[in-house]
Amino acid sequence: LLEEKQLLLRETHHRIKNNMHVIQSLLSLEAHSLIDPTSQRVLQGAAGKIRSMMVLYDRLYRSETHGEATLRDFLPPLVEQIVDIFSAAGKVDTQLELDDISLRDDQLSAIGILVNELISNSMKYAFAETEAPRITISARKDGDVIVLTYGDNGSGIPESVTIGDATDETAGFGMQLIGALADQLNAIVRVERDSGTRIVLEFAA
858 LLEEKQLLLR
868 ETHHRIKNNM
878 HVIQSLLSLE
888 AHSLIDPTSQ
898 RVLQGAAGKI
908 RSMMVLYDRL
918 YRSETHGEAT
928 LRDFLPPLVE
938 QIVDIFSAAG
948 KVDTQLELDD
958 ISLRDDQLSA
968 IGILVNELIS
978 NSMKYAFAET
988 EAPRITISAR
998 KDGDVIVLTY
1008 GDNGSGIPES
1018 VTIGDATDET
1028 AGFGMQLIGA
1038 LADQLNAIVR
1048 VERDSGTRIV
1058 LEFAA
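In the working numbering, the protein residues as written are 858 to 1062.
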């Protein structure tokens, strides 16, 4: 009976993963076929969000600790695949320094969508005049606090752009989404504008 349940679970996992992959692939193909850059960005962003859910789902399924996975396992394949969605924009160097930090699935889900949004913003807006574009992501545990830092060496977020929440109508959708995800993590957010952009989140482990 246990073997039958495990077989059924594996089959369900593969079907869900395959369905998500089909949707993500269709969105990516449609994005590449479009001429209008705004429409392209919308579809690429949607494809990236689905991709982050696929990676999270796969890592949680493979994890021996159900409902948890580590940032070190979760983020590298996610970052690689999100950057690949924007491959037409050119080569981007990615540098990750991640402590072996285990997090709950709800925390990883929020971080995955947040990282997707940050990478998407960098790829779409930051690197137009950057000769050697670079994205850096680090995560470390400092006592009971996790410090997650995202950075790029692009043009930098303008002073007029702020991280908002769902009720802040002055912030764009991307900044609203980042703010809402930070709220979900109960994170303190800091924006640094020095040789590009750095977004620093601090939240309880």
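Glycine is no exception: its CB is placed at the ideal position from the N, C-alpha and C atoms.
Report task. State the DSSP-derived secondary structure class of glutamate 860, mapped to helix, strand or coil. Result -> Residue numbering aside, residue 860 sits at position 3 when the sequence shown is read from its first letter. If DSSP states are grouped into helix, strand and coil, glutamate 860 belongs with the helices.
Query raised in the report: Opposite tyrosine 982 in the DSSP bridges: which residues?
Result: Indexing the sequence shown from 1 puts residue 982 at position 125. According to DSSP, which records beta bridges pairwise, tyrosine 982 is partnered with nothing at all.
Query - Simplified DSSP assignment, three categories, for glycine 1008 - result: As a working note, residue 1008 is residue 151 in the sequence shown. Glycine 1008: strand per DSSP, three-state reduction.
Query raised in the report: Does the count of Cβ pairs from the stretch 975 to 986 and the stretch 1008 to 1022 closer than 8 Å reach three?
Result: Contact holds between the stretch 975 to 986 and the stretch 1008 to 1022, because three or more Cβ pairs, one in each stretch, are under 8 Å apart.
Report task. For the alpha helix (DSSP H) containing alanine 1039, list its first residue and its last residue. Result -> Locating residue 1039 in the sequence shown gives position 182, where the first residue counts as 1. Where alanine 1039 is concerned, the enclosing alpha helix (DSSP H) stretches over 1030 to 1041.
**Report entry** Proximity to glutamate 1049 [Cα-Cα], best of Gly905, Ala1061, Glu1016 and Phe1030
**Finding:** For the purposes of this step, residue 1049 is taken as residue 192 along the sequence shown, with counting starting at 1. Comparing Cα-Cα distances from glutamate 1049 to each of Gly905, Ala1061, Glu1016 and Phe1030, the minimum goes to Glu1016.
Query raised in the report: According to the neighbour-count rule (16 or more other Cβ atoms, all chains shown, within 10 Å of its Cβ), is valine 879 buried or exposed?
Result: Locating residue 879 in the sequence shown gives position 22, where the first residue counts as 1. Valine 879 sits exposed, since fewer than 16 C-beta atoms from the chains shown fall within 10 Å of its C-beta.
Query - Segment contact flag, the stretch 986 to 1000 with the stretch 1030 to 1039, C-beta cutoff 8 Å, min 3 pairs - result: no
Requested in this report: Give the DSSP-derived three-state secondary structure of glutamate 974 in the structure shown.
Outcome: Indexing the sequence shown from 1 puts residue 974 at position 117. Glutamate 974: helix per DSSP, three-state reduction.
Query raised in the report: Any idea if threonine 1054 is buried or exposed, counting beta-carbon neighbours within 10 angstroms, 16 or more meaning buried?
Result: Start at 1 with the first residue of the sequence shown, and residue 1054 comes out as number 197. Here threonine 1054 is buried, its C-beta having at least 16 other C-beta atoms within 10 Å.
Requested in this report: Please report the residue range of the beta strand (DSSP E) in which leucine 960 lies.
Outcome: As a first step, residue 960 must be located in the sequence shown, where it is residue number 103. Looking at the DSSP string, the run of the beta strand (DSSP E) that includes leucine 960 is 959 to 961.
Report task. Please name the residue in Glu1059, Asn978, Ser979 and Ala926 whose C-alpha comes closest to that of leucine 965. Result -> Start at 1 with the first residue of the sequence shown, and residue 965 comes out as number 108. When each option's Cα is compared against that of leucine 965, the closest is Ala926.
Requested in this report: Within 10 angstroms of the Cβ of arginine 867, are there 16 or more other Cβ atoms? Answer buried if so, exposed if not.
Outcome: Your numbering for residue 867 matches position 10 in the sequence shown. Result: exposed.
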